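*Asks:* Quick one: this structure, given as structure tokens, is what I'll be asking you about.
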Amino acid sequence: MHLQENADLLAKRIRLLNPDADRYLAREFMELHEDKCTRCQEDRLGCTVRPACKDRNFLNMLVEIGVPPRDLPRFCYSQYLVQIRRYILEKKGRGMTDRRIPINDLLSALKMSSIRQFTTRFNKLWSRRARIREGDTLIVAGDNLLFHFDFARGIVELNPWHKEIQSFEVFDCYVRLLSQYHGVEAETFDATLNWWVLMVSVGSVNRGKVEKGLSELRDRFEALHLVELDAGTAIQAEVVAGGSEPSINVGALRMLFSLASEGSTGETWA
């Protein structure tokens, strides 16, 4: 475990004060957590069932900022991979959202050698599935699981929920994926560079249930309307990106598509 050597990776992400101050704070933060990690891993049972950092969030952060696996807390990371493998293959353990894993380590944990083997195997196992590939991004959904592969960074996110969508291209990818997965018609268009509009068909879902669900989602979108079109009832959702507040996250889209297809915002995946 060599966390302090990776402090610059954290400093580049925080950007709070100035470069020198951020580097100092990042080094100090890493030093404190390296000591905490060492003490936590000395208690193997405690690290396995109740790690010192809730949900292994510090480890998750290290993967997110690009710390190489060789520098991660070794025992903690081994337990993390075991938990992810059991969750994916056996549906055991606590629900997992927003978990980052190096792509190669995920494949190794699942005893798979390639992305092709991953998609081929799970296509046979999942009764409900969808996938979208765009450039260096592959998003795969199936039977209560969602994977966002970022090949440029070499990282996959398991069940992204709070992940902020920062570009219209990624927004459109998620809309196409969720449209496939839920079996509802949907389309997007960018009215301006930072104003995006989504139309989702409601189909045969009870209008009263949809209206109730929209009231639960209004604070997650710039605007939400139930509209009548020639083809039937649809939800019109508007997103403004690039403001002082996060524009939209994956969880909000997942809830919206659950509402359109099932009449409830209750997420059935996580």
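Numbers given in the working numbering equal positions in the sequence shown, counted from 1, plus 16. Every residue gets a Cβ at the ideal spot worked out from N, C-alpha and C, and that includes glycine. Just so you know, these numbers come straight off a predicted model, no measurement behind them.
Would L214 and A253 be called neighbours here (beta carbons separated by less than 7 Å)?
*Replies:* yes
*Asks:* If you draw a straight line from the C-alpha of N160 to the C-alpha of L269, how long is it?
*Replies:* Rounded to whole angstroms, N160 to L269 spans 15 Å at the Cα level.
*Asks:* If you check the beta carbons only, do C92 and I148 fall under 7 Å apart?
*Replies:* no
*Asks:* Using CA atoms only, rank isn't needed, just tell me which of K107, Q99, P118, T54 is closest to E173.
*Replies:* P118
*Asks:* Check each candidate in L242, D235, R55 and name the one with the smallest Cα separation from N222.
*Replies:* L242
*Asks:* Quick check on DSSP: helix, strand or coil for D152?
*Replies:* coil
*Asks:* Which same chain residues, not among the five before or five after A68, have their C-beta less than 7 Å away from its C-beta?
*Replies:* K52, C56
*Asks:* Give me the Cα-Cα distance between T208 and N175, rounded to the nearest whole angstrom.
*Replies:* 29 Å
*Asks:* Rounded to the nearest angstrom, what separates R236 and E58 at their Cα positions?
*Replies:* 43 Å
*Asks:* Taking only three categories from DSSP, how would you classify S217?
*Replies:* strand
*Asks:* Taking its Cβ as the centre, do 16 or more other Cβ atoms sit within 10 Å of Q95, making it buried, or is it exposed?
*Replies:* Its Cβ being crowded by 16 or more others within 10 Å, Q95 is buried.
*Asks:* Roughly how many angstroms lie between the CA atoms of S130 and T64, to the nearest whole one?
*Replies:* 28 Å
*Asks:* Only counting the same chain, and skipping five residues up and downstream in sequence, which positions put a Cβ closer than 6 Å to that of H164?
*Replies:* I155, E173, P176
*Asks:* If I follow the unbroken beta strand (DSSP E) through T249, where does it start and stop?
*Replies:* 248-256
*Asks:* Keeping to the same chain, check which residues put their C-beta closer than 6 Å to that of F273; ignore five residues upstream and five downstream.
*Replies:* Sequence-distant partners of F273 (beyond 5 residues in either direction) whose C-beta falls short of 6 Å from its own C-beta, in its chain, are L194, H198.
*Asks:* Got a sec: is the Cβ-Cβ distance from R43 to anything in chain B below 7 Å?
*Replies:* The chain inventory of the structure shown lacks chain B, comprising one protein chain alone.
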